[in-house]
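Quick note, this note's numbering runs 49 ahead of the 1-based positions in the sequence shown. Backbone N, C-alpha and C define an ideal beta-carbon position, used for all residues, glycine too.
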Amino acid sequence: MLLSIIIPSKNRHALLEQLLLTINQQVTQSNCLDHVEIIVVDDGSSPALQLPSNTLKTQCKLRTLSRHSGAPRARQYGLERASGEFIHFHDSDDSITDGWLEGIISHLRATTCFDFLVTARKVITKDGATYKKQHLLKNMASQPHRIKQRLKYENCLGPLGGIVFSKKATQKMQFTNLPSCQDWDMYLDAIDHKSMIIYDWDIAFIKNDLHEDQISKDTKKKFLGVFRLARKHKIITSKKSFMRFFFASKLHATLKPHHSLTLFYRQNKLRCRFSHALIKAQKFMA
Numbered sequence: 050m051l052l053s054i055i056i057p058s059k060n061r062h063a064l065l066e067q068l069l070l071t072i073n074q075q076v077t078q079s080n081c082l083d084h085v086e087i088i089v090v091d092d093g094s095s096p097a098l099q100l101p102s103n104t105l106k107t108q109c110k111l112r113t114l115s116r117h118s119g120a121p122r123a124r125q126y127g128l129e130r131a132s133g134e135f136i137h138f139h140d141s142d143d144s145i146t147d148g149w150l151e152g153i154i155s156h157l158r159a160t161t162c163f164d165f166l167v168t169a170r171k172v173i174t175k176d177g178a179t180y181k182k183q184h185l186l187k188n189m190a191s192q193p194h195r196i197k198q199r200l201k202y203e204n205c206l207g208p209l210g211g212i213v214f215s216k217k218a219t220q221k222m223q224f225t226n227l228p229s230c231q232d233w234d235m236y237l238d239a240i241d242h243k244s245m246i247i248y249d250w251d252i253a254f255i256k257n258d259l260h261e262d263q264i265s266k267d268t269k270k271k272f273l274g275v276f277r278l279a280r281k282h283k284i285i286t287s288k289k290s291f292m293r294f295f296f297a298s299k300l301h302a303t304l305k306p307h308h309s310l311t312l313f314y315r316q317n318k319l320r321c322r323f324s325h326a327l328i329k330a331q332k333f334m335a
């Protein structure tokens, strides 16, 4: 098996069906039925998820967790049952653009010498659609140690739907159940100075930002996830306390107001602003 697509899902019945039918259509059109499998992990849906009946030609497995455990555990559960040489994790509320699978498969057939394939994304919001790319890869893709360093400041690789991993890279992932920043955490787990990273901006997945129940729109989950990730990876320590103020400044500027975050920022406004300026300069020099 060449590629395993792992889709954790909870209570997204209609969106999941639409995604599966889209992937199935591209698998059929690309003539790679023997090279792609889909593993759907039902993370405690009520009613339980079901696969579209009699419409999928793609190898598709539905696995169910006994209780709701969170997306990280669902991804890990799917990975443990995956047989592909390469792994792609996809959220059930996102989708793929035309030609997405054909582009991915062409890379997988051409070479096995990469750990991360980074693609672009088409972001759908209520205001329309925009294409986004991780532009820094033009200068850093051949220098994974620089990307690892940059990941200590921000998620510079983008959402999980834009990445295909080698199976080897996924073996380093701990799948920590963070409130948010789960993709960022997985990158920090997986990347090291030997990682092979390539990118292709002609391939894009669809990032759907229309739903209000997404983690990215929950301010409390967002800042809790950032600070727990920072503690796990020792980004914030007693000797690096300024990183706490940097993250607080960045989150305060980009998220909806939350009383705890707002209070912390107001009490430490000067330190937050100084730390933000300091880290911005360090990123520029990196």
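*Reducing DSSP to helix, strand and coil, say where H194 ends up.*
helix
*Using a beta-carbon distance below 8 Å, is L82 in contact with chain E?*
No chain E appears in this structure, which consists of one protein chain only.
*To which residues of the same chain is I154 closer than 8 Å at the C-beta, ignoring the five residues directly before and after it?*
L51, L52, S79, C81, H84 and V85
_Bounding residues of the beta strand (DSSP E) (the contiguous stretch that carries K110)_ = Per DSSP, the unbroken beta strand (DSSP E) holding K110 starts and ends at Q108 to T113.
*Does the stretch 201–211 come close enough to the stretch 160–173 that 3 or more CB-CB pairs lie under 8 Å?*
yes
*Per DSSP, what kind of secondary structure is K171 in: helix, strand or coil?*
Residue state, collapsed to three classes: strand.
*Between which two residues does the beta strand (DSSP E) containing D249 stretch?*
I246 to N257
*asked:* Check this for me: beta carbons of A239 and T219, under 8 Å apart or not?
replied: Taking C-beta atoms as the reference points, A239 and T219 count as a pair closer than 8 Å.
*If you draw a straight line from the alpha carbon of D92 to that of C109, how long is it in whole angstroms?*
17 Å
*Short Cβ contact (8 Å threshold) for L70 with P101*: yes
_6 Å CB neighbourhood of E66 in its chain, flanking five on each side removed_ = P101
*Span separating the alpha-carbon of H308 from that of L200*: 27 Å
_As assigned by DSSP and simplified to three states, the class of T146_ = coil
*In angstroms, rounded to a whole number, what distance separates the CA positions of F313 and A131?*
Cα to Cα, F313 sits roughly 43 Å from A131.
*Excluding sequence positions up to five away, which residues of its chain have a Cβ less than 7 Å from the Cβ of D143?*
G210, F254, I255, K256 and N257
*Residue burial classification, D164 (beta-carbon count within 10 angstroms, cutoff 16)*: buried
*On the three-state DSSP scale, how would you describe Y202?*
coil
*Output the boundary residues of the beta strand (DSSP E) element that contains H184.*
No beta strand (DSSP E) holds H184; DSSP gives it neither H nor E.
*Which same chain residues, not among the five before or five after D251, have their C-beta less than 7 Å away from its C-beta?*
G152
*For H58 versus L98, is the C-beta spacing smaller than 8 Å?*
Residue 58 is actually Ser in this sequence, not His. Yes, these two residues count as a Cβ contact at 8 Å.
*asked:* Only counting the same chain, and skipping five residues up and downstream in sequence, which positions put a Cβ closer than 6 Å to that of I284?
replied: K201 and M292
_Start and end residues, alpha helix (DSSP H) containing D238_ = Q231 to A239
_Expected contact under 8 Å - CB spacing of L157 and F135 to nearest Å_ = 6 Å
_Nearest-angstrom Cα separation, counted from I145 out to I72_ = Rounded to whole angstroms, I72 to I145 spans 8 Å at the Cα level.
*Pick from P306, S141, W233 and S94 that is closest to F276, judged by C-alpha positions*: W233
*Bridge partners of F323, per DSSP?*
Looking at the DSSP assignment, F323 forms no beta bridge with any residue, so it has no partner.
*If S229 sits next to K271, beta carbons under 8 Å apart, how far is it from one beta carbon to the other, in whole angstroms?*
The pair is a contact, with the Cβ atoms about 5 Å apart (cut-off 8 Å).
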